[in-house]
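Worksheet: the structure to be examined is printed underneath.
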Amino acid sequence: MAEHTEHIEHSEHIGSSGFYWLIWAVLIVATVLTAWISTVDLGVFNTVVALLIATCKALIVVLFFMHVKYTSEKMTKAVLLSAVFWLLLLLILSLSDYSTRYAG
Amino acid sequence: MATAAVTTERKNYLNAEYGIRSWLLTTDHKRIALLYLLSITFFFFVGGFFALLIRLELLTPAGDLMTADMYNKAFTMHGQIMVFFFLIPSIPAVLGNFLIPMMIGAKDLAFPRINLLSWYIYVAAGLLYLYCLATGGVDTGWTFYTPYSSLFSNTHVVEAGLAIFIVGFSSILTGLNFVVTVHRMRAPGMTWSRLPLFVWSHYATSIIMLLGTPIIAITLLLVVLERALNLGIFDPSRGGDPVLFQHLFWFYSHPAVYIMILPSMAVISEIVPCFSRKRVFGYTFVAASSIAIAAIGFLVWAHHMFVAGISLYSALVFSFLSFMVAIPSAVKVFNWTATMYKGSISFSTPMLYAFGFIGLFTIGGLTGLFLATLGVDVHVHDTYFVIAHFHYVMVGGAVMGYLGGIHFWWPKISGRMYPEAWGRLAAVIVFLGFNLTFFPQFIVGYLGMPRRYWQYPPEFQVYNVLSTAGASILAVGYLLPMVYLLWSLRYGKLAPDNPWQATGLEWKTTSPPPTFNFEETPVVTWEAYEYETMPMPDEVTLER
Amino acid sequence: MSDRAGTGESPLVLEHEDRPELRHHFADVVQQRNAASLGMWWFLGTEIMFFGGMFCGYLVYRRAYFPEFAAGSRSLSLVAGTVNTAVLICSSLTVALAVRASQLGKRKLLVSLLLATMFFGVCFLGIKGYEWHDEYEHHHAPTFYFNAQDLVHNNPNLHLDPQRTKIFFSLYFALTGVHALHMIVGIGIFSVITFMAWRGKFTPEYHTPIEIAGLYWHFVDIVWIYLFPLLYLIDRRPGA
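Chains as they are written, first to last, in my numbering: chain A, 1 to 104; chain B, 1001 to 1544; chain C, 2001 to 2240.
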């Protein structure tokens, strides 16, 4: 078999099953945490904390379950960041209209 | 490299297989490009038919040709068909599909079967829209503004909305294919800085298709749900917000106009250096400007909503950003001009279209700045000034680029030369007809004639008559290429591999190309646009 | 040929004969795999924007109609939402383990894990269906005899507007409905992949379909990870 077909196979990251179970446990704990903490009065920070926990969970899934941490492909990260950035553009610029409607 | 004629007995993508199945089940990007060419040309004529109805009605100030409701349907369907079923797919799905793999030295796009799927999705969407048309049409304006579209219109909004929702996926899949292809399928030595600017522009277009189209998809889906399930999210009497619809609609639809113009600019970037016999001035700037247009183009959408009720501060921000987006477009115009400076210009048909593009796009672009100016926009919003502006960029710009590209690559696509004299004549007719149609609209719009009205005060008639006269001339200009291009398929001179002596990998293979594009994968060791090393094209080719 | 720079050139004929899954327009399996992966990531990018449009609508209305949104959110079952979130996390675990099994060539384990993933997916849909049915019974489903008077009466201090409450539920059903559609498509894709795995089509050298289907599945999970706090946890403070 041609020699250069082998190289990517060996550099493909194979996680240990124990590690995946650990990630699972972290995500479950975070889920229970976020549900519980919503019943605690943190004032305006309830929303912030909820979204923060959600973002951490999403990041964990992306980095470890979706192997983004181990990929050598810069494009993957670029695509992800671009899409998230673009969504934020939509949200922020639209909100900039709504939040300045009755100012002054 | 000289004018050795290619015999049509040689196997190429056109004669490789025969029969309807070999076309309908093809995965060859070149055949799929031709399938798209047929379908979008069909829709161009349907959309053009509605334009004809509009211009006929507007010959007289009274609403005497059709009812107001019918007129509303005419301008709605003219706009929706032309935007979604003609302009957005046109250059990417025809020329992009055909050329991008060849330009980068690949055998096909990354996902050939998805390419075919994108065409079938287009056809399915088109059929649904035709069904909508046949059962009574839609009258909401191409912009589907709520709550009229979601609540009050009695026309087939759901079918039209779903059709456009579906055709959006065709666009997304095309963009996906292009982006992955350009990243992963370039031939050895084809680095990013050696890519033809055609590819850079289509790459930028594809980014917009990928990131923008899903928004219109979900927005139209919400309108359909609102209509079907009586939800109320866009109904002000139930706490809904019509301006939210406009934010979501324009977040895509403004970048959509860059989807329509960037590919056309891509074509101009190939034609101008070839017929100036000079490399492009400022390659890096032109490439970067494509990306800049795509990026900044996403930041300006609310300039369509200046009078819709958005906050003043928000309007100021969007006005400023709209001025910014003109800059990369201007960069391109300056660079094309500098490319021509001290070049050896020949007035071939593609070059005539390129000249037309540069002039008309400049007018369209500058009038866009007038509209971006808040104070002016208050007066000319929803008048014929806006209509003239966007037709200058979309027709004077995008369609001219499309026609120029079709002519430029016709020898490669068909293996035949079109009759040059007829080509030039048609280009001139298009240019004259176009200006006669749309320049009066700037004036009558500034004077106060509203858009989407089927009757108007008598003092505006002279401008409307001029405009309709121009439209009939423009129609002739569009029909001529249909005739002589078809004629050339049978009777045109056989085309050599590189009739224009152009740079670019597509010209290094036969006309028409073999199914897998190249006998051997090319290895690129030269920069793009090395016209100083190219011989002049054959006199005979240019002076036909 | 081996000293060519760029995307990787290999003795094409040998490669294509050796690797039947290699499609003709690719030079080698590495290129094919990288193309498939990039394609799926871009597709997920489009999906971020697709859901994002609805998130934008949600954001605008939540700011404007917070009391109604909070009351509507409280009427959703916290238990069902939390359990469903956990179910999807389990399914993401089984997907990740399935990819690993395919990398190691363990066919039986792979098939079991893929079946487990689909099982969790079906569980999710079941719980979701139960919730929707419950909401329908309480007249909180828009279009189906929608009536939010119970919420208005149960929150006398908030002076809720029933039409604004309907907007919450419209967005709730739109968001969870589109999400559920994506789950159904995912289960469909996985059933095909599972069949292929059972037939032994995947090896340590070739398991790209599992990887990219896995990416899609994880994405659908991530959407829910955001939907859960945004829909279920708007304001569950005591006394609210």
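Note that beta-carbon positions come from the ideal geometry of N, C-alpha and C, so glycine has one too. Since the structure is predicted, the reported quantities are computational estimates derived from the model, not experimental observations.
Exercise. With residue 2190 of chain C as the anchor, note down where its alpha helix (DSSP H) starts and where it stops.
Key: 2162-2198
query: residue 78 of chain A: buried (16+ other C-beta within 10 angstroms of its C-beta) or exposed?
result: exposed
Look at the Cβ atom of residue 1142 of chain B, then the Cβ atom of residue 1247 of chain B, and state whether they are nearer than 9 Å. no
Exercise for the section: Can you tell me which of the three DSSP states residue 1352 of chain B falls into? Expected result: helix
When the Cα atoms are used, what is the spatial distance from residue 1383 of chain B to residue 1220 of chain B? 26 Å
For this session: Evaluate residue 2211 of chain C with the Cβ neighbour count: other Cβ atoms within 10 Å of its Cβ, from every protein chain shown; 16 or more gives buried, anything less gives exposed.
Result: buried
CB contact check: residue 2006 of chain C to chain B, cutoff 9 Å
Any reading at residue 2006 of chain C needs caution, since the residue's pLDDT is 42, under 50, leaving its predicted position unreliable; the model's value is listed next. Yes, contact with chain B.
- Query: From residue 85 of chain A to residue 1211 of chain B, what does the alpha carbon distance come to, in whole angstroms?
  - Reply: 10 Å
Roughly how many angstroms lie between the CA atoms of residue 42 of chain A and residue 2151 of chain C, to the nearest whole one? 24 Å
Note to self: Measuring straight from C-alpha to C-alpha, what distance separates residue 49 of chain A and residue 2136 of chain C?
What the structure shows: 31 Å
Looking only at its own chain, which residues have a Cβ that is under 7 Å from the Cβ of residue 1137 of chain B, when we skip the five neighbours before and after it? 1073, 1077, 1155, 1156
How many Å lie between residue 74 of chain A and residue 1050 of chain B at the Cα? 48 Å
Using a Cβ-Cβ distance cut-off of 9 Å, determine whether residue 1 of chain A contacts chain B. Reliability fails at residue 1 of chain A, whose pLDDT of 35 lies under 50, so the model's placement of it is uncertain and the value that follows must be treated cautiously. Not one chain B Cβ lies under 9 Å of residue 1 of chain A.
Practice problem: Using beta-carbon positions only, say whether residue 1474 of chain B and residue 1429 of chain B come within less than 9 Å of one another. | Solution: yes
- prompt: Terminal residues of the continuous alpha helix (DSSP H) containing residue 1416 of chain B?
  reply: Unbroken run through residue 1416 of chain B: none, as it is neither H nor E.
If we count the other Cβ atoms within 10 Å of its Cβ and call it buried at 16 or more, is residue 1315 of chain B buried or exposed?
buried
Given that residue 61 of chain A touches chain C, what residues does it touch there, using C-beta distances under 8 Å? 2092, 2218, 2221, 2222, 2225
List, from N- to C-terminal side, the beta strand (DSSP E) runs of 3 residues or more that fit wholly inside the segment 1453-1526 of chain B.
none
inquiry  = On a Cα-Cα basis, can you pick out the residue from B/1262, B/1344, B/1416, B/1460 that is closest to residue 1490 of chain B?
reply    = B/1416
Check the DSSP bridge columns for residue 1546 of chain B and list the partner residues they point to.
For residue 1546 of chain B there is no data in the structure shown, the boundaries of chain B being 1001 and 1544.
* Asked: What is the DSSP secondary structure of residue 1242 of chain B, reduced to helix, strand or coil?
  -> helix
- Near residue 1442 of chain B, what residues of its chain come up, given a Cβ to Cβ distance below 8 Å and the 5 sequence neighbours on each side ignored? 1367, 1384, 1385, 1388, 1389
Kindly list the residues whose CB is nearer than 8 Å to the CB of residue 1097 of chain B, restricted to its own chain and excluding five residues on each side of it in sequence; keep chain order.
1029, 1030, 1032, 1033, 1036, 1109, 1115, 1174
- Task: Flag this pair as touching only if the segment 1202-1216 of chain B and the segment 1251-1268 of chain B have three or more C-beta atom pairs under 8 Å; answer yes or no.
- Result: yes
*Taking Cβ-Cβ distances shorter than 7 Å, what residues in chain A pair up with residue 2086 of chain C?*
28, 31
Determine which residues of the segment 2042-2063 of chain C have a Cβ less than 9 Å from any Cβ of chain A, and write them out in chain order.
2042, 2044, 2045, 2046, 2047, 2048, 2049, 2051, 2052, 2053, 2055, 2056, 2059, 2060, 2063
Against chain A, which members of the segment 1302-1320 of chain B pass a CB distance test of less than 9 Å? 1302, 1305, 1309, 1310, 1311, 1312, 1313, 1314, 1315, 1317, 1318
Against chain A: residues of the segment 2175-2203 of chain C by CB proximity under 8 Å:
none
What residues of chain C sit near residue 76 of chain A, judged by a beta carbon separation below 9 Å? 2037, 2038, 2041
Quiz item: Under a CB-based cut-off of 9 Å, is residue 2028 of chain C close to chain B?
Solution: no
Could you please tell me which residues of the segment 1086-1113 of chain B, in chain order, have their CB closer than 7 Å to any CB of chain A? none
*asked:* One question on the structure: do residue 1159 of chain B and residue 1135 of chain B come within less than 9 Å of each other, judged by their Cβ atoms?
replied: yes
**Asked** Taking residue 1477 of chain B as the reference, which of B/1432, B/1515, B/1179 has the closest Cα?
**Response** B/1432
Can you give the beta carbon distance from residue 1099 of chain B to residue 1528 of chain B, rounded, assuming they're within the 8 Å contact cut?
-> Actually they are not in contact, since the Cβ atoms of residue 1099 of chain B and residue 1528 of chain B sit about 14 Å apart, beyond 8 Å.
- Query: Within 10 angstroms of its Cβ, does residue 46 of chain A collect 16 or more other Cβ (buried), or is it exposed?
  - Reply: buried
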